[in-house]
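Sequence lines, in order, name chains Y and U.
Oh and the first sequence: position 186 is 224 in our numbering, straight run, nothing missing.
Oh and the second sequence: position 150 is 188 in our numbering, straight run, nothing missing.
All C-beta atoms, glycine included, are put in the ideal place defined by N, C-alpha and C.
There are 2 protein chains.
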Amino acid sequence: MNDESDRAVEDTQRSTADEDLTSALRLALVPGVGPRITVALLERFGSAAAALSAAPSELRAVPGVGAKLSQAIARAPSREEVESEIALCQRAGIDLLAPSSAGYPRLLREIHDPPAILFARGDIRASDALAIAIVGSRHATQYGLAQAERLASSLAHAGLTIVSGLARGIDAAAHRGALAAGGRTIAVLGSGLLNIYPPEHGALADEIAAAGAILSEAPPRSQPRSGAFPQRNRLISGLCMGVIVVEASNQSGALITARHATEQGRDIFAVPGRVDSRMSHGCHRLIRDGAKLVETADDVLEEIGPLVEATSDAAGQSVHHPAELLLNDVERQVLAAVGVDPTSIDHVVSTSGLPTPQVLSTVSVLEMRRLVRRISGNLVARV
Amino acid sequence: MNDESDRAVEDTQRSTADEDLTSALRLALVPGVGPRITVALLERFGSAAAALSAAPSELRAVPGVGAKLSQAIARAPSREEVESEIALCQRAGIDLLAPSSAGYPRLLREIHDPPAILFARGDIRASDALAIAIVGSRHATQYGLAQAERLASSLAHAGLTIVSGLARGIDAAAHRGALAAGGRTIAVLGSGLLNIYPPEHGALADEIAAAGAILSEAPPRSQPRSGAFPQRNRLISGLCMGVIVVEASNQSGALITARHATEQGRDIFAVPGRVDSRMSHGCHRLIRDGAKLVETADDVLEEIGPLVEATSDAAGQSVHHPAELLLNDVERQVLAAVGVDPTSIDHVVSTSGLPTPQVLSTVSVLEMRRLVRRISGNLVARV
């Protein structure tokens, strides 16, 4: 961890992105500057540095910026204060990521209000683009906890990264399921990374950072504020291809995550339960509104994707669609031989080195899994 | 009951429909003549009497009629045998209903293969057009049984007739729920009405006949045959505006009822359950395929309908839409004053005799329940 944060700090000190990051951090540390205001300021002034040196009257012309906030921005933390914050991050093994940083989560760049600065402990990999959020109530039932853990284990085992919010209940069960399967998991916090909430999840946060990452857009010493959690929820869905709600009452914050997911074009999944369990009512409402009903990990893997851009799985294989994670070796071999452009079966046979009957039956399986489509009797192409 | 069956027999003896019913019954009693063949024969020959007097070569020209069946039809029971069957029905209090009979269930006339003859014990009323089927597994869990009974009670209490198949498990719980609420319920059997199956439901069948009806398209002494049950299921859905599946494994016959319901244009509802309960998997599949998820009776009442043709409720009020059963007195009063053609609010005020503010707020409630729509600021109409 220290090696990595050393590297991150070295990057911060040396790279041309250095100035950007410092300015972004100065702006991020202004009380009252949240993600919406940040986006509005960047839209108006082009960069954090330009916003910080703008006149209060220019600042007040930005929607949402009043007299009070324009003064606070004028009194933004100095370069020195920010550098001391950076030093704190360095000591605590916390990386600072701007959207231009290589380690910034790829799917998060696509949302309409990506955090200008993201604090991270652990590491984020290319394969983490194959991520699914598992969220739900803090007051989950035994049934809900068991389902969260089971789905997280199966999906992590298949190669997906499990994202959640480190909360009590469903969130913690999802992280634990991923860890138990030896998979990857990411926690997105509403507080700063040096203020783990709830406090009893400190050890769990350490385990998650070692098998993935813990992330926050709040500076490390930020207190948990209830207002921060709905904002945080947009990052959980933003990091993922889809969101599974396991248990939620009709008032649960998990429904906010699902709404963010819809706005971000992510798939929504919900686990049903007994109609006499209040904790399932939110899930049932989501299903009525069009969320996909989930019984098993396969239901999710068959439904989500494809990725806009192919990524690499843990083994370094290129993956474009999570359903590929369900394939056996022969199926992968055949799929690898099929191009995006129409490819003849003869070509697949010669490239894969497999006997024709096996190629034909495997193509049928890939067709059923909606990974290839048949153009004509002898031509297939990737979906 | 005896009065009614006496009346039915008198009708049979006196009315011009007499000959039709006897012929229909002669045909219905031919082994191998099921509903599909009956429809094909009626389409070709115009009446049961004409089919019975057709030459074997003419009969064989009907799709599905082979040499064996054409001979069986030629050896159909005689008028005398059928009259002895009618006498048996008379003694047992069983009515014989042809689609032309006044007591024949109205919704059943709309399906593509209505039974040519229906045996009935009990009575069928106009208000039974407001019917909903509640079906499910014979191997239901305590959860499923409780939900079937609860939904049946609530829906029967609201004024719907509960239709099911008298089977063990969900079916029996649905009938019992309706009876407990003092409501109406109809059982459709796969066996003859003098061969109640399962045998331990004899007393339940008597209760149902007293609070509704037990029906079969098989002659009274027919044995339960497994082949008859899928055919029977089309009558359960055919009698109803919608079908609720409470619990069903992926192999359950209740899914056949749901398929019939789809083909008949009926609404399909399913009750979700735990994903680790096999008995809920069929329901989850239905929901994935578009069935409406049900938690409460109101979910059903708000969703089903409207009826093609208005009917009368138990109190003799005209009902066009089951959601009307949810209304209070004031809401009914206002709805009664709104026409199918655009009606002015002033007219509703003067007709109902209610103060304008109360009419306006009530119209809003009726709009929300999708019973009226607003044409303009001052004009409303029934949906």
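query	result
Beta-carbon proximity check, Leu324 (chain Y) vs Ala308 (chain Y), cutoff 9 Å	yes
CB contact check: Ser318 (chain Y) to chain U, cutoff 9 Å	yes
Asp305 (chain U) beta carbon less than 9 Å from that of Met279 (chain U)	yes
CB of Glu285 (chain Y) within 9 Å of CB of Gln185 (chain Y), strictly	yes
Residues near Pro69 (chain Y) in its chain [Cβ-Cβ closer than 8 Å; skip 5 each side]	Ala110
Ordered list of alpha helix (DSSP H) runs contained in the segment 113-157 of chain Y, each at least 4 residues	117-130 and 144-147
Given Lys106 (chain Y) as reference, the closest of Y:Arg117, Y:Pro94 and Y:Gly131 once Cα atoms are compared	Y:Pro94
Between the CA atoms of Thr199 (chain U) and Met39 (chain U) - distance to the nearest angstrom	Confidence at Met39 (chain U) is low in this model, with a pLDDT of 41, below 50, so its placement is unreliable and no value can be given for it.
Residues that Val313 (chain Y) contacts on chain U, provided the C-beta gap is smaller than 7 Å	Gln185, Val309, Pro310 and Glu333
Identity of the residue in Y:Glu187, Y:Gly102 and Y:Ala88 nearest Ala78 (chain Y) by Cα	Y:Gly102
Where Ile325 (chain U) meets chain Y, residues with beta-carbon distance less than 7 Å	Ile325 and Leu331
Val346 (chain U), buried or exposed, once every other Cβ within 10 Å from all chains shown has been counted against 16	exposed
Proximal residues to Ala292 (chain Y) (C-beta, below 7 Å), its chain only, five neighbours per side dropped	Val173, Gly174, Ser175, Val283, Ala286 and Gly320
Outcome for Val418 (chain U) when other beta-carbon atoms lying within 10 angstroms are tallied against a minimum of 16	buried
Alpha-carbon to alpha-carbon, Leu273 (chain Y) and Val47 (chain Y)	Interpretation of Val47 (chain Y) is limited by its pLDDT of 48, a score under 50 that renders its predicted location unreliable; no figure is taken from the coordinates.
C-alpha distance - Arg411 (chain U) paired with Pro393 (chain U), whole-angstrom precision	20 Å
The segment 177-206 of chain U: positions lying closer than 7 Å to chain Y by Cβ	Tyr181 and Gln185
Contact with chain Y by His298 (chain U), beta-carbon distance below 9 Å	no
Three-state secondary structure (DSSP) of Ala171 (chain Y)	strand
Ser414 (chain Y) - partner residues in DSSP beta bridges	Y:Leu417
Ordered list of alpha helix (DSSP H) runs contained in the segment 207-259 of chain U, each at least 4 residues	208-218 and 240-248
Local conformation of Gln51 (chain U) per DSSP, three classes	At Gln51 (chain U) the pLDDT is 44, less than 50, meaning the model places this residue with poor confidence; the figure from the coordinates comes in the next sentence. Here Gln51 (chain U) sits in helix by DSSP.
Separation of His358 (chain U) from Thr76 (chain U), as counted between CA atoms	32 Å
Assigned exposure category for Thr381 (chain Y) - 16 Cβ within 10 Å defines buried	buried
Buried versus exposed, by CB contacts within 10 Å (16 or more), Ile246 (chain Y)	buried
DSSP state of Gly320 (chain Y) mapped onto helix, strand, coil	helix
Below-9 Å beta-carbon distance, His322 (chain U) vs any chain Y residue	yes
Three-way DSSP call (helix, strand, coil) for Asp454 (chain Y) in this model	Since the first residue shown for chain Y is 39 and the last is 421, residue 454 (chain Y) is missing from the structure and cannot be characterised.
CA-to-CA distance, Leu231 (chain U) to Gly131 (chain U), given in whole angstroms	10 Å
Under 9 Å between C-beta atoms of Tyr181 (chain Y) and Gly328 (chain Y)	no
Closer than 9 Å to chain U by CB, Glu48 (chain Y)	At Glu48 (chain Y) the pLDDT is 49, less than 50, meaning the model places this residue with poor confidence and gives no usable figure here.
7 Å Cβ shell around Leu365 (chain Y) - same chain, five flanking residues per side excluded	Leu373
Coarse secondary structure for Met39 (chain Y), derived from DSSP in three states	Summary for Met39 (chain Y): the model assigns pLDDT 41, below 50, so the residue's position carries little reliability, and this model does not support an answer.
Residue environment, Asn271 (chain Y), which counts as buried when at least 16 other CB atoms sit within 10 Å	buried
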